[in-house]
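Residue numbers (the numbering used here): 2 to 114.
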């Protein structure tokens with residue numbers, strides 16, 4: 002699921018539907034499926050601002066340190082590429098989903114890393 006969908010409220014709306022049907026969030030098993038990992042999800046510096054400008058952007062601001070990482074200097078791991086731009090960041094999509102679930106009362110997430 003793209004980050005824009007997460008910030009725009011798709012998870013919040015889904016959880017609200019469960020609540021409306023009388024399902025307690027504590028009874029849900031929430032899993033984050035296959036996704037791009039932060040080592041490979043390079044975004045431009047403007048991506049952060051784009052997320053802030055969407056409804057729900059306040060959540061991105063609250064979790065910025067957890068969601069965005071920078072990489073400087075030479076990369077010694079052949080599986081991690083050097084940045085394409087000097088101000089680019091890496092985004093942790095899983096951490097964002099977990100933060101949304103936790104704030105909604107659905108727990109902090111667990112499982113595959």
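Cβ coordinates follow ideal geometry from the N, Cα and C atoms, glycine included.
Consult DSSP for residue i and reduce its assignment to one of helix, strand or coil.
i, result
"residue 90", "strand"
"residue 30", "coil"
For the alpha helix (DSSP H) containing residue i, name the first residue and the last one.
i, result
"residue 20", "11–21"
"residue 49", "46–53"
"residue 62", "58–63"
Excluding five sequence neighbours on each side, which residues of the same chain lie with their C-beta closer than 7 Å to the C-beta of residue i?
i, result
"residue 10", "56 and 57"
"residue 71", "90"
"residue 53", "61 and 62"
In chain order, what residues of the same chain have a beta carbon less than 8 Å from the beta carbon of residue i, not counting five sequence neighbours either side?
i, result
"residue 96", "39, 64, 67 and 68"
Task: At least 3 beta-carbon pairs within less than 8 Å: the segment 56–65 vs the segment 33–43 - done: Contact between the segment 56–65 and the segment 33–43 is absent, because fewer than three Cβ pairs lie under 8 Å.
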